[in-house]
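Protein chains in written order, with the working numbering: chain A, 24 to 472; chain B, 24 to 472.
Where is the CB? At the ideal position from N, CA and C, for every residue including glycine.
All values reported here derive from a predicted model rather than from experimental measurement.
Taking it in order: structure first as structure tokens, then the write-up.
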């Protein structure tokens with residue numbers, strides 16, 4: 024993309040004209056952080072809950088088009104002893120009024136996927152530290168929009184990839200960096216989660232009870248399911264890919280080069296509708312493009328391969344199927360086992376990971392274990408929002424930055440492209456424009472980020 | 024390939040002119056089977072051991088260029104109470120004299136990979152039932168050679184894929200055919216076996232003790248390792264792919280359509296040489312083409328995907344990483360767990376496979392468990408040779424036929440091609456030339472085959 028296209032795109036894509044403001048990294052440090060929340064549905068309220076419990080955070084404003092969500096969000100605040108926030112709920116553009124406030128340092132965006140980039144771009148142009156839920160972007164152009172907006176404005180955009188803070192994958196990160204796997208050669212990961220009762224519900228409850236989606240669906244069924252109708256690709260790559268990208272120093276000494284994706288036929292969602300709603304339910308006529316399982320292979324600059332599985336349409340136990348393998352050992356998530364050539368007691372035999380989990384627990388977990396305990400998803404929601412808050416306080420780049428958001432999320436549209444072309448290989452753009460060669464690690468360096 | 028090329032190839036490729044003989048399926052049934060063995064090294068003697076213990080088998084002749092292997096093979100026979108076989112050991116072409124004998128019904132070939140097809144073609148042209156070790160073929164042309172030779176001569180060629188008889192994958196086959204996984208959508212498999220001490224030894228023992236290969240290596244190190252020098256692809260796909268192909272009725276109502284493969288860089292073998300032999304060992308200068316891990320995705324005609332991993336250069340516990348997943352459930356090898364939507368007690372939760380293993384044990388295993396006990400690789404070597412013997416006795420097509428041998432083995436050269444072309448998608452030929460549409464299942468039908 025040339026400079027001319029870039030300006031057209033970002034100007035066209037944003038409702039907020041960029042008038043120039045000091046780069047965030049040049050601003051003075053602060054002790055308190057003032058946050059605004061765009062989207063306070065189920066996911067947004069998870070983050071709000073962490074913020075409400077943080078003594079150094081003021082929640083200034085919240086925004087959602089659903090008045091019930093606003094009500095529930097205010098209750099989260101008051102239950103935690105904070106005062107109610109100013110609410111923006113007038114219409115889908117009311118978030119722009121939230122962004123105009125000059126008493127907000129950072130904005131947390133937890134809205135439907137297709138709103139992530141327009142809102143993030145507006146937030147960055149308004150000079151806010153911006154945190155956006157996963158996947159950050161839906162299209163390749165959107166990944167460029169995020170990067171270009173950051174480079175124009177100096178406003179940071181952090182992808183809220185909570186799984187990067189999962190205790191086991193952080194211990195493995197610790198071990199990878201200490202060279203315990205030798206040279207890392209292979210990563211395996213994915214999003215394997217039976218989402219059928221998330222994609223369909225009765226329009227009243229968030230999970231199951233019916234086979235409605237879209238206009239008649241509630242919560243994620245209201246907007247997320249349509250992606251399974253319209254798209255065949257890895258719709259949700261970052262939960263798996265984020266941790267592996269950190270292990271492999273993607274964008275910092277390494278990069279994604281190309282990928283190829285393959286999809287099975289699509290049977291699971293239609294079957295679910297027929298099984299639960301009957302063959303005459305109107306949704307039994309819907310054709311879903313999304314293959315039941317989508318597998319993607321990524322070739323990295325430094326010679327590693329990453330396999331990413333997307334598996335959300337079939338009955339199965341939850342698993343992100345992590346695997347880290349190098350020239351001196353292998354760890355696997357599914358059996359919770361490890362084998363290290365120079366440490367494991369018996370050759371060719373697994374040993375339980377527990378011992379290593381304790382010994383190589385990441386400094387962040389050691390320090391904040393008790394704070395994390397009551398946050399969502401086993402504590403990882405605490406760490407991911409905390410990292411955003413700390414970045415704002417210290418006026419530094421967040422530990423998962425706009426280039427991570429762009430590159431990890433781009434696997435989704437690129438996997439669609441590969442599948443549409445018969446699984447041909449597709450180049451993955453270098454969103455850092457060469458800076459991966461000199462960029463230094465920023466994630467999980469110590470007990471601060 | 025047109026008819027003209029086909030004739031040139033098969034005639035040029037074979038040392039035995041085909042003079043015509045009755046199609047094997049038209050010959051009368053027999054009660055006893057007379058076998059010849061070409062290649063009685065470690066692998067060949069596994070098969071010889073099963074044959075020697077079979078009351079209905081006479082081992083007429085054996086062939087190997089290594090006199091020590093001949094001696095050990097004769098000892099296998101006499102220990103089992105059989106008389107010594109006629110030995111062919113003069114030179115690399117002496118196997119042709121074995122094939123000229125008219126008192127041999129079937130020939131078992133367990134030689135280096137690159138000899139499989141030349142010897143199999145000669146054996147088929149000599150009118151013998153032919154059994155060949157895995158992988159059956161090295162090149163795509165060789166897969167066609169096997170098929171064309173069968174179609175010309177009517178002589179069967181069975182691929183000795185013992186893992187197809189593994190007790191768990193056969194129970195899963197049983198369950199797949201009973202529809203317990205619903206429509207099967209996804210298969211995962213591979214050959215994940217740290218072969219470093221097979222690829223390198225001291226020239227005296229078969230496993231380890233040094234970093235020699237080729238001229239100075241013994242047993243498999245003598246010939247197998249060179250493939251890791253010369254080729255980057257899935258060198259050994261059939262142990263994983265055979266069972267999955269049976270689950271998915273490949274060549275019988277379904278077929279492989281195309282694949283794409285990806286390889287990590289190659290570090291493991293070089294590191295092993297340096298670690299064990301020192302940086303000054305001459306083999307430390309060898310450049311290995313084979314990526315440490317090669318992953319292949321296969322798109323099937325009926326919409327399924329298969330992922331195949333080849334992982335033989337790094338330290339790791341052995342695993343063929345099987346996974347069978349359909350619209351109603353999933354089974355995994357690595358954690359030995361299963362989840363069936365309509366049977367498992369708790370939603371979204373694994374249960375141990377043991378119970379299902381007992382309940383859905385394949386009829387073959389139920390009937391022959393005690394016979395299998397002393398055979399190699401946990402009993403599967405018994406079943407695979409037994410199937411060959413029974414096919415000869417009954418003058419029927421063996422349960423893994425020449426089309427299976429051709430298609431499964433072809434994944435190896437096709438994966439090389441995909442990797443060489445930057446992981447682009449590569450078409451997988453239909454070796455049945457359309458007969459997959461009407462071919463019926465032949466494997467694991469009952470307690471006979």
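- The three-state secondary structure of residue 49/A, taken from DSSP, is helix.
- For residue 285/B, the uninterrupted beta strand (DSSP E) segment begins and ends at 279-286.
- Taking 7 Å as the upper bound on Cβ-Cβ separation, chain B lies near no residue of the stretch 249-261 of chain A.
- At least one C-beta of chain A is nearer than 9 Å to the C-beta of residue 217/B.
- The contact set of residue 330/B on chain A, defined by CB atoms closer than 7 Å, consists of 318 in chain order.
- Residue 323/B is positioned such that its CB atom lies no closer than 9 Å to that of residue 263/B.
- Around the Cβ of residue 139/B, a 10 Å sphere holds 16 or more other Cβ atoms; the residue is buried.
- Residue 316/B and residue 298/B do not touch by the CB rule: their CB atoms are close to 19 Å apart, not below 8 Å.
- Its Cα nearest to that of residue 146/B, the residue 119/B stands out among 295/B, 167/B, 166/B, 119/B.
- Within the stretch 428-445 of chain A, the residues whose Cβ lies closer than 9 Å to any Cβ of chain B are, in chain order, 441, 444, 445.
- When the beta-carbon positions are compared, residue 153/B and residue 179/B come within less than 9 Å of each other.
- Secondary structure in the stretch 283-346 of chain B: the beta strand (DSSP E) runs of 3 residues or longer, each lying completely within the stretch, are 316-323, 328-334 in chain order.
- With its beta carbon at least 9 Å from every one in chain B, residue 306/A lies outside the interface.
- For residue 322/A, the chain B residues whose C-beta falls within less than 9 Å of its own C-beta are 285, 286, 287, 445, 446, listed in chain order.
- Partner residues in the beta bridge of residue 60/A, as assigned by DSSP, are 85/A, 131/A.
- The DSSP-derived three-state label of residue 153/B is strand.
- Separation of residue 331/B and residue 260/B (C-alpha to C-alpha, rounded to the nearest whole angstrom) is 7 Å.
- Not flagged as an interface residue toward chain A: residue 137/B, since no C-beta distance is shorter than 9 Å.
- Chain order gives the chain B residues near residue 371/A as 217, 340, 341, where near means a beta carbon separation below 7 Å.
- At a cut-off of 9 Å between beta carbons, residue 350/B contacts chain A.
- In the structure shown, the three-state DSSP call for residue 372/B is coil.
- Spanning the alpha carbons of residue 438/A and residue 450/A requires a straight line of approximately 10 Å.
- Counting other Cβ atoms within 10 Å of its Cβ, residue 97/A reaches 16 or more and is therefore classed as buried.
- Among the residues facing chain B, residue 290/A is included, as its CB has a counterpart in that chain under 9 Å away.
- Pairwise C-beta distances place the stretch 214-221 of chain A in contact with the stretch 337-356 of chain A, as three or more of them are shorter than 8 Å.
- A distance of 9 Å or more separates the beta carbons of residue 65/A and residue 82/A.
- Using a Cβ distance threshold of 9 Å, residue 133/B and residue 62/B count as a contacting pair.
- DSSP places residue 228/B outside both helix and strand once states are collapsed to three, so it counts as coil.
- In the same chain as residue 37/A, and ignoring 5 residues on each side of it, the C-beta atoms closer than 7 Å to its own belong to 144, 145, 148, in chain order.
- At a Cβ-Cβ threshold of 9 Å, residue 176/B and residue 415/B do not count as neighbours.
- In this structure, the CA atom of residue 110/A is about 13 Å from the CA atom of residue 116/A.
- For the pair residue 433/B and residue 463/A, the Cα-to-Cα distance works out to about 44 Å.
- Under the DSSP assignment, residue 183/A falls outside any beta strand (DSSP E); it carries neither an H nor an E label.
- DSSP, reduced to helix, strand and coil, places residue 450/B within a strand of the structure shown.
- Relative to residue 329/B, the option among 271/B, 304/B, 426/B, 361/B whose CA is nearest is 271/B.
- When secondary structure is reduced to three states using DSSP, residue 109/B falls in the strand class.
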